[in-house]
DNA sequence: GCAAATTTGTTCGTATGTATT
DNA sequence: CAATACATACGAACAAATTTG
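As structure tokens, this is what we get:
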């Protein structure tokens, strides 16, 4: 009697799933059937199923039953730049190209543009005073109609007021990407960037948009990209959030085959 | 009656935690006290607490109580190479240097060395036949005595049999790193690598070693690094597993300040 | 060192609500 | 509307871990 009952039941079900006896998408026996099979109370069965949910092995649908989860085909983003363009993965045009390269349809909403006061990490990474004005451009991105990432870019308001990059304020995407647009207007060329990768629990907005389970079981990548200009000053901060259940990343360094 | 009771209770407790009213490490009221305060049954209170556990906000200790979780000071690993050495983060000597740079003590166990038959992703990424012999070198790594990562490197057995890199079979760490040792013996120079970053649930070994909660709530980064030689052939595959609750990563691309 | 008290963990039973077919 | 299946909620009892006296 080492392990509690619910855990031993969970263990048996887990073996059935991992052995392939229960394939992804297949329905498990109902709680009442499992109650008879394992000779335990319905609450104990439910505890067992809950632990499998926590492991991401099954999901329950009210009124329908319990099903083995089907793995989402992951989308792979390359974080390191093409050495020639200096552009990185998930940036502007590149994003749609990467979607196409994986034979999938990438779309993005028109950006929601706001003028905000820099707070939190924004002034720190952009090296501007706390409370200074910044342009925030926020986009939702989908692949094959599945919500894939939430992206917000912050630019110093100076780019608009002193640099003439007025289209940063327009709520429409900038063709050829903002990197090129800023180079043409403000004359700041992006020569490099630093990505800072963390994983955390999703907030309520993210849980809703990505349709994640409400229990915070699936985390999200949060990638902070600070881009630097030719004088090595920060010129842009982009924060992108990706669910960990459908995203993977590649970093290329040095000389590689198939480049 | 939109939200269930347990969720409204969880919501109130969450606000107390996020507002700072309950600081990290502080003890929550006991289940019996919460039962009176919210006028609900003990099971309903427990459901509320469970949802906070799933969010990583609190932890329970049998016989003691429920406490607000204390955040672990994250360790940051740089994945992109120093352009001069071609060495990447978490590799050999660099690993200890990064530990020191963050004022922390990094240690590693002596490697457990095995000769295995290539299976799974190993032959695919190393571009050797499935079932070919490989040298596997496995290390546990700690920082400030906290388990931090599990690393396994795979080398083609040819390096030993035909290249004379016999010390790859020794169960002791190779000073100056294996990258340099292979360059000196097999005459293969590491000019680049590709990192493939995923997040998944920990297996039972990892859960035990990292002392993670048993419910699979905390995920692990799995980073597959394929290193390439001067002929752009794969020469090494290193798989490293890091818990997401205590690890973050940096990727530097292009020209950056403070280099 | 031991016993009692405290606190969370497990298990059962039961009733009712909500979503889907 | 009825049947089915999971979700929520309450009550109760005992077990296991920890602290306290």
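Residue numbers (my numbering), protein chains in the order written: chain A, 1 to 259; chain B, 260 to 518. Where is the CB? At the ideal position from N, CA and C, for every residue including glycine. Because the structure is a prediction, the values reported are computed rather than measured.
Taking the beta carbon of residue i as the centre, do at least 16 other beta carbons fall within 10 Å, making it buried, or is it exposed?
| i | result |
| --- | --- |
| residue 445/B | buried |
| residue 477/B | buried |
| residue 482/B | buried |
| residue 128/A | buried |
| residue 165/A | buried |
| residue 316/B | buried |
| residue 304/B | buried |
| residue 225/A | buried |
| residue 463/B | exposed |
| residue 282/B | exposed |
| residue 331/B | exposed |
| residue 461/B | buried |
| residue 257/A | exposed |
| residue 241/A | buried |
| residue 313/B | buried |
| residue 161/A | exposed |
| residue 301/B | exposed |
| residue 145/A | exposed |
| residue 278/B | exposed |
| residue 301/A | With chain A covering 1 to 259 only, the question about residue 301/A has no answer from this structure. |
| residue 15/A | exposed |
| residue 364/B | exposed |
| residue 253/A | buried |
| residue 296/B | exposed |
| residue 426/B | exposed |
For a contact meaning CB atoms closer than 8 Å, what does residue i contact in chain A?
| i | result |
| --- | --- |
| residue 322/B | In chain order: nothing, as chain A lies at least about 17 Å away. |
| residue 453/B | 250, 251, 252, 253 and 256 |
| residue 468/B | None at all; the shortest Cβ gap to chain A is about 18 Å. |
| residue 300/B | Those do not exist, as residue 300/B stays about 13 Å from chain A at its closest Cβ, beyond 8 Å. |
| residue 491/B | 255, 256 and 257 |
Under 8 Å Cβ-Cβ, which residues of chain B neighbour residue i?
| i | result |
| --- | --- |
| residue 10/A | Chain B residues near residue 10/A: none, gap ~10 Å exceeds 8 Å. |
| residue 80/A | 339, 510 and 512 |
Give me the DSSP bridge partner(s) of residue i.
| i | result |
| --- | --- |
| residue 248/A | 76/A |
| residue 499/B | 410/B and 482/B |
| residue 108/A | 141/A |
| residue 65/A | 61/A |
| residue 286/B | 326/B |
| residue 487/B | 451/B and 493/B |
| residue 254/A | 451/B |
| residue 113/A | 137/A |
Which residues in chain B sit within 7 Å of residue i, going by Cβ to Cβ distance?
| i | result |
| --- | --- |
| residue 54/A | 474, 475 and 476 |
| residue 51/A | 474 |
Taking Cβ-Cβ distances shorter than 9 Å, what residues in chain A pair up with residue i?
| i | result |
| --- | --- |
| residue 458/B | 199, 219, 221, 244, 245, 247 and 248 |
| residue 487/B | 254, 255, 256 and 257 |
What residues of chain B sit near residue i, judged by a beta carbon separation below 9 Å?
| i | result |
| --- | --- |
| residue 13/A | The contacting residues do not exist; residue 13/A stays about 14 Å from chain B at best. |
| residue 191/A | 513, 514 and 515 |
Ordered list of beta strand (DSSP E) runs contained in the region 448-481 of chain B, each at least 3 residues: 451-459
- prompt: Should the region 314-325 of chain B be regarded as contacting the region 286-297 of chain B, the criterion being three or more beta carbon pairs within less than 8 Å?
  reply: yes
- prompt: Using 8 Å as the threshold, is the region 366-386 of chain B in touch with the region 423-437 of chain B, meaning 3 or more CB pairs across them?
  reply: yes
Segments assigned alpha helix (DSSP H), at least 4 residues, entirely inside the region 117-176 of chain A: 121-126 and 158-161
- request: For the region 4-17 of chain A and the region 453-470 of chain B, state whether three or more C-beta atom pairs, one from each stretch, are separated by less than 8 Å.
  value: Verdict: no, contact absent.
query: Are at least three pairs of beta-carbons, each pair with one atom in the region 269-278 of chain B and one in the region 183-202 of chain A, less than 8 Å apart?
result: no
message: Contact between the region 483-493 of chain B and the region 392-400 of chain B is defined here as three or more beta-carbon pairs at a separation below 8 Å; is this criterion met?
response: No contact exists between the region 483-493 of chain B and the region 392-400 of chain B.
- request: Inspect the CB distances between the region 403-410 of chain B and the region 376-384 of chain B and report whether three or more fall short of 8 Å.
  value: no
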